[in-house]
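These protein sequence lines map, in sequence, to chains A and B. Going by our numbering, the letters in the first sequence line up with residues 740 to 946, in that order. Going by our numbering, the letters in the second sequence line up with residues 740 to 946, in that order.
There are 2 protein chains.
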Amino acid sequence: MQGANDEVRVKLGDPAGRARRPRADAVRNRERVLEAAKVVFSQGGESASLEAVAREAGVGIGTLYRHFPTREALFEAVYRREVEQLVDLVQVLKAEASPAEALRLWLRANVAFVATKKGMLAALALATQKNPDLMAYSSDRLTRAVGELLARGVSTGEIRDDIGPEDVLRALIGMCYAQERPDWQASVLRLLDVFVDGLRKPGRPAA
Amino acid sequence: MQGANDEVRVKLGDPAGRARRPRADAVRNRERVLEAAKVVFSQGGESASLEAVAREAGVGIGTLYRHFPTREALFEAVYRREVEQLVDLVQVLKAEASPAEALRLWLRANVAFVATKKGMLAALALATQKNPDLMAYSSDRLTRAVGELLARGVSTGEIRDDIGPEDVLRALIGMCYAQERPDWQASVLRLLDVFVDGLRKPGRPAA
DNA sequence: CTTGCAAACGGAGGCACCCTCCATATTCTA
DNA sequence: TAGAATATGGAGGGTGCCTCCGTTTGCAAG
């Protein structure tokens, strides 16, 4: 029923027997859609229509759905890229500041990062609620990231040891959601200072 | 131009000369829609259709729109009721606990309250971003509420004086948004403890 | 009670968006 | 260069949003 026809796949230089490599136009269009989605979502958030994304990308709506079968799939792909940037920042800070200070700086960097993506945040709140896997990924990446900063502080005795990286992350993400006032950034920065002070071990006052 | 005809209005017992009182069925239907919306939004969040709300309420879609011209207006009306309950709680706690402890308890009560309304939270995030007035109302009410608790602590010297009620509220609301894990409540409660510790004046260790 | 009308009702209809499907076009391998 | 595999894109059926207006209902005066 299927003997000789398998040659086609075997000949393509993929030892695992997978299909041929993706076509060039498919790769290009996938990239275009991602780029367009980043722009459109940043402005209009969840309410932005996928047809607007396709239009912005210069592809048909069918092509968009071929690459990203659901709204969540597209959103997730866009979001993953953003997370990587934050993860990479940790290594830089570890080399440049003391444990508690590096933690504070990383948290502050997150605030600045978030500030440029207003439209995406409400959408993210929805997406993570509907699709736990998306949160699992970013949680994992960011938890490890902040975990490195935290562990360093614990090992030097500068930071208390009964708060985990998940807790810190929750506080950060949470605070940034409430961004309605003109001065929200200043408020979040103050809150982060209070929070980091609270994280210091008792008997080691902040100033 | 308008002499004798005003009698109709004057007779209705409204000194300001407003129109006659609303019809009974209008009042009843408005109530039904609000009740239905509370149910439907709590389940499906923002994605729930307004036509589903109308169906649940047993009224026509037109009637729903007559009372609440936009999705936001309906959502806002539902939300206002919820806020009142939290505001009222403050008076109870003020009578029952020390300043910092009352603050801690009130924040914890919020967590429990939020826990029953998962579906509405993401919707709320969207609504407040689109409609600043909704946030203005709840912010105002809740800020005053937490402000009472906070001021009491500041006056007794138990709580530092450089953090405003807005900041506390932001921390609370923010933390509660990140509710994806099974144990999110425990995490938020731990965070609140850290936060309240951070609020205590230096030189007054927590335990 | 009945009459008249302002107020409220409710759903049909036009529009935008969601997503699927498939005839056509493009790329890749041999 | 040919032909098969792969990708494209937009038409179309379905659903929800919101408006508009003919019909119904409650209210107050007679």
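A virtual CB, placed ideally from N, CA and C, is assigned to each residue, including glycine. These numbers were taken from a predicted model, which means no experiment stands behind them.
Examine chain A for any beta-carbon lying closer than 9 angstroms to the beta-carbon of B:Ala910, and answer yes or no.
yes
Supposed contact pair B:Phe814 and B:Arg780 - C-beta distance, whole angstroms, cut 8 angstroms
The question names Arg, yet the displayed sequence has Phe at residue 780 of chain B. By a beta-carbon distance limit of 8 angstroms, B:Phe780 contacts B:Phe814. Their separation comes to about 7 angstroms.
Verify the CB distance criterion: does A:Phe814 have a CB-CB separation below 9 angstroms to chain B?
Closer than 9 angstroms: no.
Range covered by the alpha helix (DSSP H) that runs through B:Pro808:
In the DSSP annotation of this structure, B:Pro808 is not part of any alpha helix (DSSP H), being labelled neither H nor E.
Cutoff 6 angstroms; reference B:Asn849; Cβ partners in own chain excluding five residues on either side:
Leu911
What are the residues that DSSP puts in a beta bridge with B:Pro898?
Per the sequence shown, residue 898 of chain B should be read as Ile rather than Pro. DSSP lists B:Arg939 as partners of B:Ile898.
With distances taken from CA atoms, which of A:Arg762, A:Leu889, A:Pro761, A:Glu795 is nearest A:Leu773?
A:Glu795
Taking a cut of 9 angstroms between CB atoms, which residues from the region 822-837 of chain A lie near chain B?
none
Inter-residue spacing [alpha-carbon to alpha-carbon] between B:Trp923 and B:Val935
18 angstroms
Can you give me the start and stop residues for the alpha helix (DSSP H) that B:Ser781 sits inside?
763-783
Would B:Val933 pass as a contact of A:Leu938 if the rule is Cβ separation under 9 angstroms?
yes
Would you report the Cα separation of A:Arg769 and A:Ala763, rounded to the nearest angstrom?
10 angstroms
Please check if any C-beta of chain A sits within less than 9 angstroms of the C-beta of B:Asp900.
At a cut-off of 9 angstroms between beta carbons, B:Asp900 makes no contact with chain A.
Under 9 angstroms Cβ-Cβ, which residues of chain B neighbour A:Arg767?
Result: empty, since nearest Cβ-Cβ is about 33 angstroms, beyond 9 angstroms.
Helix or strand or just coil, what does DSSP make of A:Val798?
A:Val798: coil per DSSP, three-state reduction.
Chain-ordered neighbours of B:Glu811 on chain A, where CB pairs are closer than 8 angstroms
Correct list: empty, because the minimum Cβ distance to chain A is about 12 angstroms.
Does A:Gly742 come out as helix, strand or coil in the three-state DSSP assignment?
In this prediction, A:Gly742 scores a pLDDT of 33, lower than 50, which makes its location untrustworthy; the coordinate-derived value is nonetheless stated afterwards. Coil, per DSSP.
I want to see whether chain A comes within less than 9 angstroms of B:Ser788, judged by CB atoms only; does it?
no
Does DSSP put A:Ala854 in a helix, a strand or coil?
helix
Proximity winner among B:Thr809, B:Val893, B:Glu821, relative to B:Ala839 (alpha-carbon distances):
B:Val893
Using a Cβ-Cβ distance cut-off of 9 angstroms, determine whether A:Phe852 contacts chain B.
It does not: the Cβ of A:Phe852 has no partner Cβ on chain B nearer than 9 angstroms.
Assess, as a yes-or-no matter, whether the region 811-830 of chain B is touched by the region 873-883 of chain B under the definition of 3 or more beta carbon pairs within less than 8 angstroms.
Yes: the two stretches touch, three or more of their Cβ pairs being nearer than 8 angstroms.
DSSP on A:Asp922, reduced to helix/strand/coil?
coil
Check whether chain A comes within 9 angstroms of B:Arg847, counting only Cβ atoms and requiring the distance to be less than that.
No, B:Arg847 lies away from the interface with chain A (no Cβ there is under 9 angstroms from its Cβ).
Pairwise C-alpha distance: A:Glu790 and A:Glu821
A direct Cα-Cα distance of roughly 23 angstroms separates A:Glu821 from A:Glu790.
Short Cβ contact (9 angstroms threshold) for B:Leu930 with B:Met914
yes
Just to confirm my understanding: we take A:Ala793, look at its own chain, exclude 5 residues before and 5 after, and list those with CB closer than 8 angstroms. What are they?
Val772, Ala775, Gly799, Ile800, Thr802, Leu803
Quick one: does A:Asp936 have its CB under 9 angstroms from some CB of chain B?
yes
A:Arg929 CB to nearest chain B CB: under 9 angstroms?
yes
Looking at B:Ala836 and B:Arg844, is the spacing between their C-beta atoms short of 9 angstroms?
It is Leu, not Arg, that sits at residue 844 of chain B in the sequence shown. Yes, the Cβ-Cβ distance between B:Leu844 and B:Ala836 is below 9 angstroms.
Could you run through the region 876-897 of chain B and flag, in chain order, every residue whose CB is less than 7 angstroms away from some CB of chain A?
none
Reduced DSSP category for B:Gly903 - H, G, I as helix; E, B as strand; rest coil:
coil
Would you mind working out which of B:Glu905, B:Asp901, B:Ser878 sits nearest B:Glu823, comparing C-alpha positions?
B:Ser878
Would you decide whether A:Ser926 is buried or exposed? Buried here means 16 or more other CB atoms lie within 10 Å of its CB.
buried
By the 10 Å Cβ neighbour count, where 16 or more other Cβ atoms means buried, how is B:Arg760 classified, buried or exposed?
exposed
Measuring only between beta-carbons, confirm whether B:Gly801 sits less than 9 angstroms from chain A.
No - not a single Cβ of chain A is within 9 angstroms of the one on B:Gly801.
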